[in-house]
Amino acid sequence: MLTSDEIEDLDENDSEKLFNISNESISIIFPDKMRMPNNADDFGHAMHLSIDIAKNDNDILDSLAKLLPIWRKELKISEPEKKRTWSYIRDRTISYRIIPLIDLLEFSKIYTKVTKKRVSRKTIAFLTYPHGEQDQFGLAQTVLPFLEKVKMECSKFFDEYKINKD
Numbered sequence: 009m010l011t012s013d014e015i016e017d018l019d020e021n022d023s024e025k026l027f028n029i030s031n032e033s034i035s036i037i038f039p040d041k042m043r044m045p046n047n048a049d050d051f052g053h054a055m056h057l058s059i060d061i062a063k064n065d066n067d068i069l070d071s072l073a074k075l076l077p078i079w080r081k082e083l084k085i086s087e088p089e090k091k092r093t094w095s096y097i098r099d100r101t102i103s104y105r106i107i108p109l110i111d112l113l114e115f116s117k118i119y120t121k122v123t124k125k126r127v128s129r130k131t132i133a134f135l136t137y138p139h140g141e142q143d144q145f146g147l148a149q150t151v152l153p154f155l156e157k158v159k160m161e162c163s164k165f166f167d168e169y170k171i172n173k174d
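The numbers in this note's numbering rise by one with no breaks, and the one at position 9 of the sequence shown is 17.
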């Protein structure tokens with residue numbers, strides 16, 4: 009990948025070098041004063057790109073995949089958290105048996121309060137996954153973190169709903 013200095017130093021008459029770099033990605037990030045529009049809020053973290061659409065789709069996508077981390081680093085922007093699609097969440101909810109697990113976890117809280125005996129993760133895993141799809145470690149490392157994320161997203165959704173409704 010060429011830097012802006014290397015691009016400036018290119019000789020228009022050196023056709024071999026120009027041909028060799030024609031397939032390379034070029035990254036130029038302008039200084040803040042050149043990037044900032046009149047109203048910075050209109051653009052947020054937008055970038056203006058020039059893409060040679062005559063190139064193969066995979067080549068363009070590969071170049072962008074390489075350039076995005078570089079641009080984010082130069083602009084001091086962290087990569088956003090990956091949003092999951094509804095089909096992914098639905099499939100995970102069904103395969104992890106989240107709804108029966110929520111019922112079981114709530115029941116185990118009540119059981120613990122009444123009997124003063126704690127229900128182990130091994131027992132919860134066995135009752136939720138009687139055919140051994142998940143063990144206590146899979147439950148702790150995979151299913152419960154997913155459940156917490158879903159609960160967090162649901163609570164955000166309901167909070168936003170309450171705010172918008174009022």
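For every residue, glycine included, the Cβ atom is placed at its ideal position computed from N, Cα and C.
How should V151 be labelled, buried or exposed, when 16 other C-beta atoms within 10 angstroms of its C-beta is the threshold for buried? buried
Alpha carbon to alpha carbon, how far is E161 from F154? 11 Å
Would you call the region 86-100 and the region 130-137 in contact, with 3 or more CB pairs under 8 Å? no
Measure the C-alpha to C-alpha separation of A48 and L57 and round it to an integer number of angstroms. With a pLDDT of only 47 at A48, under the threshold of 50, the placement of this residue in the model should not be trusted, and no figure is reported.
Go through its chain and collect everything with a Cβ distance to R100's Cβ below 7 Å, but skip five positions before and after it. F154
What span of residues does the alpha helix (DSSP H) with L57 cover, start to end? Looking at the DSSP string, L57 is not in any alpha helix (DSSP H), and its letter there is neither H nor E.
Let me know the secondary structure DSSP gives V127 once reduced to three states. coil
Nearest-angstrom Cα separation, counted from K157 out to D167: 15 Å
Can the beta-carbon of L112 be found closer than 8 Å to that of L135? yes
Helix, strand or coil at P77 [DSSP, three-state]: helix
Taking just the CA atoms, how far does D17 sit from S23? 14 Å
What residue from I59, R126, K159 has the CA that sits closest to S71's CA? I59
Counting along the chain, where does the alpha helix (DSSP H) carrying D99 start and finish? 94-103
Once DSSP output is grouped into helix, strand and coil, what is the label at N47? Since pLDDT at N47 reaches only 49, below the 50 mark, its modelled position is unreliable, and the value read off the structure follows with that caveat. Reduced to three states, the DSSP call for N47 is coil.
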